[in-house]
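Mapped onto this note's numbering, the consecutive letters of the sequence shown carry residue numbers 985 to 1340.
Notes to accompany the following structure.
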Amino acid sequence: MTVPSPRPVFDAIPGYKAGRPAEHDELKLSSNENPFPPLPGVVERAAAELARINRYPDAGVARLHAALSRHLSRPEDTFAAGTGSVAVLFSLLDAYCGPGDEVVTAWRSFEAYPIAVTVTGATHVTVPLRADHTHDLDAMAAAVTDRTRVVVVCTPNNPTGPVVRHDELERFVAALPSSVLVVVDEAYVEFVRDPDAARGLDLQARFDNVLVLRTFSKAYGLAGLRVGYLVGHPDVAAAVRKATPPFSVSDVAQAAAVASLDAADELAARVEEVVQGRALLLEGLRAQGWTLPDSQANFVWLPSDQGPQLAEAFWPVAVRPFPGAVADGGGVRVSVGTTSANERLLDVAARHLTGR
Ligand code: PMP
985 MTVPSPRPVF
995 DAIPGYKAGR
1005 PAEHDELKLS
1015 SNENPFPPLP
1025 GVVERAAAEL
1035 ARINRYPDAG
1045 VARLHAALSR
1055 HLSRPEDTFA
1065 AGTGSVAVLF
1075 SLLDAYCGPG
1085 DEVVTAWRSF
1095 EAYPIAVTVT
1105 GATHVTVPLR
1115 ADHTHDLDAM
1125 AAAVTDRTRV
1135 VVVCTPNNPT
1145 GPVVRHDELE
1155 RFVAALPSSV
1165 LVVVDEAYVE
1175 FVRDPDAARG
1185 LDLQARFDNV
1195 LVLRTFSKAY
1205 GLAGLRVGYL
1215 VGHPDVAAAV
1225 RKATPPFSVS
1235 DVAQAAAVAS
1245 LDAADELAAR
1255 VEEVVQGRAL
1265 LLEGLRAQGW
1275 TLPDSQANFV
1285 WLPSDQGPQL
1295 AEAFWPVAVR
1305 PFPGAVADGG
1315 GVRVSVGTTS
1325 ANERLLDVAA
1335 RHLTGR
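Here you go:
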C-alpha cells in the first residue's frame, strides 16, 4: 500500500537542520542560543504555571500582549505572538502568500525562509548578499515584481552578522509599493550596538506595510520555550493571529516571557557580556589571520569554501557549517558563548591554522 504524497512543492523543501549537539553543553556554539541559564525568578514564575497544565493556555495571549504593549509602548492589537518568531513568520506567509506569489529575501540568510515560503506554494526569490556579506537592497528592490507580496530583511543577518543601515532601509521601504509587506526580522536586535543600524520599530510606526519580527529565544534566553511575536499594523497582526494554530503559546511560556520583560535590566547585563564576547572573538580571530565581516548579533561568521571541514576541525566546539563557495554563502557560524567557550574556540581556530 502506498501513502498519499504531499503537494509537489514538498520535494523542493530542504527540511530544517538544527545545530549539532555538543559533547559539552557549554561548547554548543551552533544555534545562536543564550549561553546563560534562565534567571531563577523567570523559572519560578514559569514553574508556577505547571500546576495548571491540565487546562489549555489563554488563547488570546492577553498577558503577553499587555506586557509587550507596556514594554514597547504600542497598542495591544499591534502584536501577534506564536511558537517562536519562526512560527509567526510561517503564519504571516500563510496569511499573505500562495501559488503564483513571490517572496523576496537576501541569500544567504536564515535557513527557515525557503521552507516557510515554499510550503505556501509561493516562489522564493533570492538576492545574493554583497561581497561584504550585507544585504544588497538595490538588487532586492529590482527583484520586486507585481507578484511580490512580501520582502524579508534580516538585520542583523543570520548567518553573516552585519546589519542593514537605517537610512538605506528607509529609502528602500519608501520606494516600494505599499502593497508589499516588508518583514524586518530583528531576532538579534538587542545585541546591536551600531548607531546607524536599522530601527524596524521606527519604520513600522511610519509605514503600515512594515512589520517587525522579534523573539524571546536569543537575548531573553528562552529558546526552549518557543515564544516570538510581530509588531505590525493591527490588520496585519489580526490576520496573523487568525492564521496561527490555537493555543500556540503555552501559559508556561507566556509567564516566562512576561517575567523576562520584567527582568529586562538584569538580562541586558548578560546581553552586554555577549556583546563583549563578540568583540573578543572578532578581535582574536582576526589577529590569528581569519577574515570576518562585522557582526552585530550573538554570533560571528567565518567565510570559507570549506565550511563542513572547518566545523569538523573545530570539534569538540560545535559550530554551524554552511557548505558551498564563499560567494554562495559558504562558511562557518560561531555563536558567542561563555568566556571559556570563546577561549576554547579561539584555541581550536588557532590550531587549525597552524596545523597542530
Ligand atoms: N529569525 C532569525 C533571523 C533567526 O536566526 C531565528 C532563530 N535562529 C529566528 C528568526 C527564529 O527564532 P525563534 O523561532 O526561536 O523565535
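Every residue, glycine too, gets a C-beta built ideally from N, C-alpha and C.
Given the structure is predicted, the values throughout are model-derived calculations rather than measurements.
{"Check": "Name the DSSP bridge partner or partners of residue 987?", "Outcome": "None, per the DSSP bridge assignment."}
{"Check": "Runs of 3 residues minimum, wholly inside the region 1036–1069: which ones carry the beta strand (DSSP E) assignment?", "Outcome": "1063–1066"}
{"Check": "Please list, following the chain, all residues that have a C-beta closer than 6 Å to any non-hydrogen atom of ligand 1.", "Outcome": "1016, 1068, 1069, 1070, 1094, 1138, 1142, 1169, 1171, 1199, 1201, 1207 and 1212"}
{"Check": "Report the three-state DSSP secondary structure of residue 1197 (helix, strand or coil).", "Outcome": "strand"}
{"Check": "How would you write the range of the alpha helix (DSSP H) that residue 1155 sits in, first residue to last?", "Outcome": "1150–1159"}
{"Check": "Three Cβ pairs or more, each shorter than 8 Å: is that satisfied between the region 1251–1268 and the region 1226–1242?", "Outcome": "no"}
{"Check": "What are the start and end residues of each continuous alpha helix (DSSP H) run of 4 or more residues lying completely inside the region 1214–1279, in chain order?", "Outcome": "1218–1227, 1235–1246 and 1248–1272"}
{"Check": "In terms of residues, what are the limits of the beta strand (DSSP E) holding residue 1283?", "Outcome": "1283–1287"}
{"Check": "With distance defined between alpha-carbon atoms, name the residue in 1151, 1110 and 1213 nearest to residue 1313.", "Outcome": "1110"}
{"Check": "Using a C-beta cutoff of 9 Å, does residue 1250 count as contacting chain D?", "Outcome": "No chain D appears in the structure shown, which is made up of a single protein chain."}
{"Check": "Reducing DSSP to helix, strand and coil, say where residue 1013 ends up.", "Outcome": "coil"}
{"Check": "Quick one: what does DSSP say residue 1324 is sitting in, helix, strand or coil?", "Outcome": "helix"}
{"Check": "Looking at residue 1320: is its Cβ nearer than 9 Å to the Cβ of residue 1326?", "Outcome": "yes"}
{"Check": "Residue 1182 to residue 1090, Cα distance in whole Å?", "Outcome": "16 Å"}
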